[in-house]
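K.L.:
Quick one: the structure is below, questions incoming.
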């Protein structure tokens, strides 16, 4: 974090001081940081759509809203993750179903298959500690059972599998930009999509149901659902755009340090599994 982020924030103050992602077109000098961040991020990930939100937890919650998780719906995730993965399921009214993990600390495919029922609506694999889950096989299982896949990429931003960035394999990908992540906006998150219809549902739901109809003023905007407020603001997005430019350099620096995941896995197995 250096003067590039500071200058990006200062530009907001120098061009109308608009912190809100929508409107105030006459004073912001055509500066829309959130929209630019979404465009840059989707291009980096290789997804068709991206939606900036207030946190990685919010990204998960908005994704579950887009697929209309209802009370009684089951969502499968893994035993090794941050609590937010399960919190989002519970807050959506769904039932979290916890699968075991494999030797890479990712969701165990065999146990995943055993956990699927008629009530399963979504799978949330977590790319833990930068290692990809077996997302190729997970997608096959999900397609066979007509289940959505929401990738939790909070700890996997910048990682790839089969020359595709993590977060572009499933129906959606949820990312976190808190201060402990590979890139940060202080707080903040992003949700990526393959499907435009899911994107539009998520976009409306994260903004009190606003469809942002260009033919209507915002205070008379059309709605087809309720929603909540998980909007990212312009200051966060200005920082995010500068951080994104540095991401590959940071990842390559970490690789050059030759961080040894196998040692982490061995330590985990010894301490937790007794192996």
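In this note's numbering, the protein residues as written are 20 to 294.
Even for Gly, the Cβ is constructed at its ideal location relative to N, Cα and C.
(1) So, at 6 angstroms on beta carbons, what are the nonlocal neighbours of residue 64 in its own chain, with the 5 sequence-adjacent residues on each side left out?
(2) Our contact map puts residue 176 next to residue 201 with C-beta atoms below 8 angstroms; I'd like the distance itself, whole angstroms only.
(3) At what residue ranges does the region 199-270 contain a whole run of the beta strand (DSSP E), taking only runs of 3 or more?
(4) Report the option in 25, 260 and 45 whose CA atom is closest to the CA atom of residue 8.
(5) If you run the structure through DSSP and keep just helix, strand and coil, what is residue 170?
(6) For residue 139, which residues does DSSP report across the bridge?
(7) With a Cβ-Cβ cutoff of 8 angstroms, do residue 93 and residue 120 count as a contact?
(8) Classify residue 18 as helix, strand or coil using the three-state DSSP reduction.
(9) Would DSSP call residue 192 helix, strand or coil?
(10) Extract the residue ranges of the beta strand (DSSP E) inside the region 50-102, only unbroken runs of 3 or more that lie entirely within it.
(11) Out of 71, 108, 50 and 262, state which residue places its alpha-carbon closest to the alpha-carbon of residue 226.
(12) Taking only three categories from DSSP, how would you classify residue 37?
(13) Using three-state DSSP, classify residue 184 as helix, strand or coil.
P.N.:
Taking the definition as stated:
(1) Cβ neighbours of residue 64 beyond the five flanking positions: 184, 186, 187 and 211.
(2) For residue 176 against residue 201, the beta-carbon gap comes to about 5 angstroms, under 8 angstroms, which counts as contact.
(3) Those beta strand (DSSP E) runs which fall completely within the region 199-270 and span 3+ residues are 208-212.
(4) Only positions 20 to 294 of the chain appear in the structure, and residue 8 is not among them; the question remains open.
(5) Three-state DSSP puts residue 170 in a strand.
(6) Listed as beta-bridge partners of residue 139 by DSSP are 93.
(7) The answer is no: Cβ separation not under 8 angstroms.
(8) Absent from the model: residue 18. The displayed extent of the chain is 20 to 294, so no value can be given.
(9) Strand.
(10) Within the region 50-102, the complete beta strand (DSSP E) runs of at least 3 residues fall at 68-72 and 93-97.
(11) The option with the nearest alpha carbon to residue 226 is 71.
(12) The DSSP-derived three-state label of residue 37 is coil.
(13) For residue 184, the secondary structure class from DSSP, reduced to helix, strand or coil, is strand.
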